[in-house]
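Here's the structure we're looking at; comments come further down.
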Amino acid sequence: MKIDCEIIKDLLPLYIDGICSDKSKELIEEHIKVCDDCNNELQLIQKKLPLNLIELNLNEAEAVKKISKEWKKGMAKSLLQGIFITAIFALILFLFLGIKVVPN
């Protein structure tokens, strides 16, 4: 699959920071193996950035991924809690509305 160089060049900063998706990372790595232009662009960007800044960005990227994963777990937990509470409420309503009072 041929990918437009402009798209790859737009993704390079995300690739360097380590925050692009795994699929994007694979596409970029495949593309720069065959495209000298994009490979040179990557090398140029990496030369301009100080090494400690790259390491800092990688650490921040890992933190963002961790927070994202925890947020997704929290959302799933909240969804399940909401479903459970709704089911309990519906059951209680069904039981109370289903009770008929028989006069003596």
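full-length UniProt numbering puts the sequence shown at residues 1 to 104.
C-beta atoms are modelled at their ideal positions from N, C-alpha and C, and glycine is treated no differently.
Just so we're clear, the structure is a prediction, and the values are computed from it rather than from any experiment.
So, do the stretch 27-38 and the stretch 58-67 have three or more beta carbon pairs nearer to each other than 8 Å? Cβ pair count under 8 Å is below three, so no.
Here's the rule: buried if 16 or more other CB atoms are within 10 angstroms of the residue's CB, otherwise exposed. What is CYS5? So CYS5 counts as exposed.
Helix, strand or coil for GLU68 per DSSP? Note that residue 68 is Ser in the sequence shown here, rather than Glu. Three-state DSSP puts SER68 in a helix.
Apart from the five residues just before and just after GLN81, which ones in its own chain have a Cβ nearer than 6 Å to its Cβ? Excluding positions up to five away in sequence, the list is empty.
For the putative contact between GLN46 and ILE16, defined by C-beta atoms under 8 Å, what is the C-beta separation to the nearest angstrom? Their Cβ separation, rounded to whole angstroms, is 6 Å, which keeps GLN46 and ILE16 in contact under 8 Å.
Under 8 Å by Cβ, that's how I've got LEU27 and ILE3 pegged, so tell me the actual separation to the nearest angstrom. With a Cβ gap of about 6 Å, LEU27 and ILE3 count as contacting.
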